[in-house]
Every structure is written in C-alpha cells, then in structure tokens.
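There are 2 protein chains.
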Amino acid sequence: MIERLAIIGVGLIGGSLARALRAAGEVGEIVGCGRSLGNLERAQALGVIDRFRQDPGEAVSGADMVFLAVPLGAMRGAMAALKGHLDPSAVITDGGSVKGSVVADAAATFGRIPPRLVPGHPIAGTECSGVEASFAELYESRRVILTPLPETDPDALGLVTRMWEACGAEVTSMSVGHHDEVLAATSHLPHMLAFGLVDALARMRENDEIFRYAAGGFRDFTRIASSNPVMWRDICIANREALSAMLARFGVEMTDLAESIRRADSEHLLEIFERAKAARDRYVDSAR
Amino acid sequence: MIERLAIIGVGLIGGSLARALRAAGEVGEIVGCGRSLGNLERAQALGVIDRFRQDPGEAVSGADMVFLAVPLGAMRGAMAALKGHLDPSAVITDGGSVKGSVVADAAATFGRIPPRLVPGHPIAGTECSGVEASFAELYESRRVILTPLPETDPDALGLVTRMWEACGAEVTSMSVGHHDEVLAATSHLPHMLAFGLVDALARMRENDEIFRYAAGGFRDFTRIASSNPVMWRDICIANREALSAMLARFGVEMTDLAESIRRADSEHLLEIFERAKAARDRYVDSAR
C-alpha cells in the first residue's frame with residue numbers, strides 16, 4: 001500500500017497508473033504535478049489525482065512513492081527540481097522508454113545513483129496522449145521491465161514490483177543496456193519506419209491522391225505514426241546509439257530485399273517473405 | 289445481370305466477388321476454376337460457386353464474364369489456357385495488384401490487347417487467403433481501380449463497372465502506369481517494410497526475447513507481414529520498376545532520419561515526426 005504517490009507528469013502513462021492503483025485500493029493520496037495548470041485541473045476533475053502542485057519539490061514532499069512520467073527530455077529537469085525535497089525513505093521510479101538516459105540523468109543530478117531509484121518501463125501505451133486518454137486497465141497483462149542497478153536497494157525494487165503487479169502487470173527485470181537494445185528493435189525502429197513512410201508519402205507531389213488509395217492495411221501499419229512527436233524526438237535522442245545500430249541492421253535487410261526485387265530473384269524473395277510470415281504468425285500465437 | 293460468371297482462382301478475392309454478386313442477385317450461374325480439386329469442392333460446398341471445372345478452357349465456355357483471380361505469376365498461364373475458348377462477347381477482367389504485368393501478359397498471349405479485356409484491381413483484402421476467408425461484404429465501400437486501355441471496348445468497361453458497383457464498391461479509373469505507381473507507394477512498399485522488419489528481427493540471435501517484448505503497436509504494424517508470401521513474391525516481380533523507385537525514395541528518407549538521430553538533430557527530427565503525424569491524422573479523418 002502506497003501512502004502518498006506523487007506523479008510528475010499526469011498524462012496517459014501517469015494518469016493510468018493513478019487510476020489503476022486507485023481501482024486496486026493500493027494508494028492513499030495521489031498528488032499530481034506538471035507544467036500545465038489546465039491539465040492538472042482536468043486530472044483533478046476526472047478524479048485521477050486528489051490534489052496538485054506545479055512545483056515538483058512541493059509535490060514530492062511527504063510522498064513515499066514518486067513516479068516520473070515526463071518525456072525523456074524533461075527527466076533531468078524534473079529530477080533537479082525535486083532534489084532535496086524527497087523523504088529519505090521515498091522510492092523514485094519512472095516510465096521512460098529509454099533507461100540509459102534516465103540513469104545518466106539521475107547520476108548527473110544526484111551525483112550518484114540514488115539507492116531508492118528503480119528505473120522502469122511499462123510496455124504499454126496507445127497513440128493517444130494526455131490524461132483524458134488514461135484508463136485503469138492500460139497495464140493489465142502488460143509487461144513492465146525494471147532495470148535495477150547494483151546500487152539499487154532491494155526493498156525499493158520490491159515496492160515498485162508490487163506497485164506494478166497491483167495494476168495487473170507482469171514485472172520482469174533486465175540490464176539497462178539490454179532493455180535499450182530490445183526496445184530499439186521492437187518499438188523504436190518500427191516507429192521510425194512508420195514516421196518515415198508516412199513522411200515520404202506526404203512529401204510526394206501527388207500525396208492527396210496517394211493517401212486516397214491507401215487500403216485498410218495501411219491504416220494499421222501507420223497507426224503508430226500518429227504518436228506524440230515530442231515524445232518520439234526525445235526517445236530517438238535518448239536511445240540514439242542502440243537505435244542507430246538497429247536502423248543500420250534494417251538498412252542491410254532492405255538493401256538485400258531491394259536488390260532481390262531489382263534482379264527479380266524469385267527464390268530469395270519467397271524465402272524472406274516465408275521466414276517473416278512464419279515469425280510473425282509465431283509471435284501472434286505466443287502473444288495470445 | 290451476369291448470366292454466367294467464370295472465376296479462375298476461387299480464393300479470398302474471387303470467392304468474395306462470387307458471394308457479393310450472389311447476395312446482390314446480380315449473377316445467374318457461377319463456375320469456379322482452379323488447380324486444387326479440394327479447394328473447388330470446398331467452394332462448392334460453401335455455396336460460393338455452383339459448379340467447377342479444373343480446365344480453364346472448359347470453365348469459361350459459355351461465360352459472359354470471366355474474372356481472373358490467380359496470383360500475378362499465374363496470369364499468363366491462365367490466359368493461355370482459356371485462349372480460344374472464350375465466347376466472342378465475353379468480358380474478361382482481373383483482380384491483380386499490378387496492372388502493367390497483366391496487360392503485358394494479355395498482349396503476349398493474345399497477340400494484341402483484347403478489346404473485351406478490362407484490367408482491374410479491387411483495393412480490398414485481408415492478410416488471410418483462401419475461399420474460407422471470403423465474404424460478401426469485402427468490397428463494400430472499397431475502391432476498385434479499373435485501368436482501361438485505348439483498345440478497351442466502352443461496353444465491356446461499363447459491364448465491369450456495374451459488376452463492382454453491385455458489390456458496393458466505388459469504381460474509379462486511371463492509367464496502368466499511374467495505378468502501378470500509386471500502389472507501389474501505398475501498398476507494396478508498406479508490405480516490404482513489414483516483411484523486412486519482421487525478417488530482420490527474426491534473424492537476430494535473441495529473437496525469441498525480442499518478440500516477447502514487442503508491445504501492442506507492433507502487432508498492428510506487422511499484421512501485413514502475415515500476408516501470402518507467393519502472392520507478394522509475384523507482386524514484387526511484376527511491379528519491380530515502380531517498387532524499386534519507391535524503395536529508393538524511402539531509403540533517402542531513412543538515411544536522412546538516421547543521420548538526424550546520429551547527430552541528435554532535435555529540430556529536424558521533430559519536423560519529420562510532426563509532418564508525418566499531421567499527414568497520418570489527415571488521412572484517417574478523410575478515410576472516415
């Protein structure tokens with residue numbers, strides 16, 4: 001049971017955590033914090049938070065759990081603002097999609113890795129953002145990856161694990177570097193392809209007509225290109241090393257595919273498509 | 289009203305046309321044709337076709353409308369098999385995803401463009417295939433692109449237009465070359481990216497784990513990688529010129545994006561993502 005939860009950044013991710021913990025009866029008071037007064041007022045009106053403070057230092061005062069749910073580019077600033085205001089026993093965790101940058105921000109801000117910091121990443125979300133899009137079931141049966149460090153206090157790790165399990169999530173842990181590589185492959189690269197494809201088509205002269213003839217599959221394929229541009233800009237920069245490596249790997253694959261098409265290499269094309277279909281069908285079966 | 293419809297290739301596309309025309313009361317008899325006896329028997333048992341012939345020449349005998357719904361790589365063989373068996377007034381149309389290759393196949397087979405040939409492409413489908421996946425509503429409110437040639441008999445064009453309109457489709461026409469470029473951009477390229485992404489991940493050593501952490505968006509994004517590999521092999525080869533040009537255009541876009549990530553060009557990344565999101569949101573609004 002969390003006595004007082006401070007949520008820095010009350011959007012889809014932070015708002016859904018608040019709703020889920022409230023629904024589970026696992027939280028006493030929820031204090032919201034953010035730059036937009038209007039958003040905080042809406043969050044309070046929706047019952048997502050009990051009260052709010054615009055200053056992170058005030059918001060975390062007396063909290064036993066602090067959840068950072070701001071874009072990656074705002075993490076360091078948020079940490080600096082709450083530094084010196086945390087209770088000694090307070091646990092800090094976050095929802096950032098890249099863990100290396102969050103750990104670097106913490107080390108730079110606090111001068112060391114705080115033992116009560118548990119970097120985390122709920123693998124959940126939609127292409128919508130904002131507190132209005134939040135819902136209590138967002139994390140049900142979803143994975144949450146925690147990336148504890150050698151310095152991490154096992155008690156803090158246990159508290160964050162229980163918090164996510166109370167939301168219905170399945171909690172696993174891995175190293176910071178491995179997390180950032182896995183996410184570059186399964187999330188960051190696909191988003192780059194969707195953004196890149198839609199942008200390439202949008203820049204074609206006849207783009208109105210192009211989009212008019214896009215069939216049903218196109219809508220699903222490009223859904224993630226409707227995601228928040230600022231969030232994705234931050235993810236790209238925060239994870240640029242692992243993402244660059246995945247882009248290069250994908251580039252090699254596409255050069256091979258394009259070359260096979262150019263020379264009408266029927267056999268090699270079929271091999272690629274069959275291997276991809278088998279992997280995709282296996283993935284869907286195992287995800288059921 | 290079509291008196292006798294011959295469908296060469298009774299799968300998702302051919303089967304759905306049969307079901308839709310039957311539901312609309314716009315067809316007398318439906319004769320199926322294909323290589324697999326089992327599939328034809330299933331199609332008959334499902335009531336999709338009235339009877340079948342395995343020989344295309346016999347299947348088209350006495351038909352006033354012939355629909356070719358075989359993979360692009362089998363078009364020329366199917367045309368050769370029915371040549372000399374068509375009624376002089378019979379209209380031929382097809383459902384191929386590439387029109388240049390179908391026209392070339394017809395010219396090579398018949399020694400000229402048959403005036404009663406109306407090349408066509410229903411922009412509809414799912415990642416499933418086979419007659420069991422067919423349904424009468426597949427073409428409702430979907431676009432069908434016809435690509436008539438200077439040689440095309442206006443009466444034949446009118447009959448094919450009415451056939452698709454009876455299925456609830458919106459019929460438009462454009463040139464063969466323009467069709468193949470538009471489809472390369474909106475359908476063939478996205479399929480290459482989905483196949484390429486899933487294959488690139490499947491080939492990574494830790495691919496089981498990679499797929500385990502793929503979130504919800506990944507499933508939608510890669511759905512089209514579950515499409516029929518033979519069909520897509522044929523599409524790539526049939527449309528290799530336009531598809532190669534689109535792959536090159538996409539490659540330029542991705543090189544720019546990768547370069548911006550490498551040098552952490554915050555402003556340029558945001559510009560790309562915002563333009564893509566705006567185009568995608570506009571497309572979804574207009575597709576409603």
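Heads up: the protein sequence lines correspond to chains H and Z, in order. If you read the first sequence in the numbering used here, its first letter stands for residue 1, the second for the next number, and so on. If you read the second sequence in the numbering used here, its first letter stands for residue 289, the second for the next number, and so on. The beta-carbon is built from N, C-alpha and C at its ideal position, and this holds for glycine as well. Quick caveat: nothing in here was measured; it's all calculated off a predicted structure.
Any C-beta of chain H under 8 Å from that of residue i
i      : result
V406/Z : no
Y427/Z : no
E420/Z : no
D573/Z : no
V432/Z : no
W520/Z : yes
C455/Z : no
G474/Z : The identity of residue 474/Z in the sequence shown is Thr, whereas the question assumes Gly. Chain H, which has a Cβ nearer than 8 Å to the Cβ of T474/Z, makes this yes.
V470/Z : yes
D569/Z : yes
M480/Z : yes
Secondary structure of residue i, DSSP reduced to three states
i      : result
T414/Z : coil
C33/H  : strand
G84/H  : coil
G316/Z : strand
M353/Z : strand
R491/Z : coil
V102/H : helix
V70/H  : coil
D522/Z : helix
G15/H  : helix
V48/H  : coil
L485/Z : helix
L117/H : strand
R219/H : helix
L328/Z : helix
Interface flag, residue i vs chain Z, CB-CB below 8 Å
i      : result
G11/H  : no
E170/H : no
K277/H : yes
S173/H : no
S129/H : no
A202/H : yes
L157/H : no
F289/H : Nothing can be reported for residue 289/H, as the shown portion of chain H is limited to 1 through 288.
D199/H : yes
R19/H  : no
E29/H  : no
Residue interval of the alpha helix (DSSP H) (run including residue i)
i      : result
I512/Z : That residue, I512/Z, is in no alpha helix (DSSP H); it is neither H nor E in DSSP.
M460/Z : Sequence inspection shows Thr at residue 460/Z; the Met mentioned does not correspond to that position. That residue, T460/Z, is in no alpha helix (DSSP H); its beta strand (DSSP E) goes E458 to S461.
D468/Z : V464 to L471
L159/H : P154 to A166
V60/H  : P56 to V60
Contact belief for residue i with residue j at Cβ below 8 Å, rounded distance in angstroms
i      : j      : result
A276/H : F340/Z : Not a contact, Cβ separation roughly 33 Å.
N39/H  : V10/H  : 6 Å
A184/H : M246/H : 5 Å
G100/H : G120/H : Contact flag wrong, Cβ pair sits at about 14 Å.
Beta-carbon spacing of residue i, residue j below 8 Å
i      : j      : result
V358/Z : A366/Z : yes
D64/H  : E3/H   : yes
D153/H : R112/H : no
S429/Z : G456/Z : yes
D180/H : A108/H : no
A347/Z : S244/H : no
V118/H : L157/H : yes
L269/H : R521/Z : yes
I523/Z : V386/Z : yes
A488/Z : F250/H : yes
E420/Z : S514/Z : no
S377/Z : N516/Z : no
S304/Z : L447/Z : no
P190/H : W164/H : no
G28/H  : I7/H   : no
A215/H : S475/Z : yes
R511/Z : D281/H : no
Contacts of residue i in chain A (Cβ-Cβ under 8 Å)
i      : result
R528/Z : Reference to chain A is not applicable here, since the protein chains of this structure are H and Z.
Residue i - containing beta strand (DSSP E), residue span
i      : result
F52/H  : R51 to R53
L293/Z : I290 to I296
D256/H : No beta strand (DSSP E) holds D256/H; the alpha helix (DSSP H) holding it covers R240 to R262.
V432/Z : R431 to L434
V91/H  : V91 to D94
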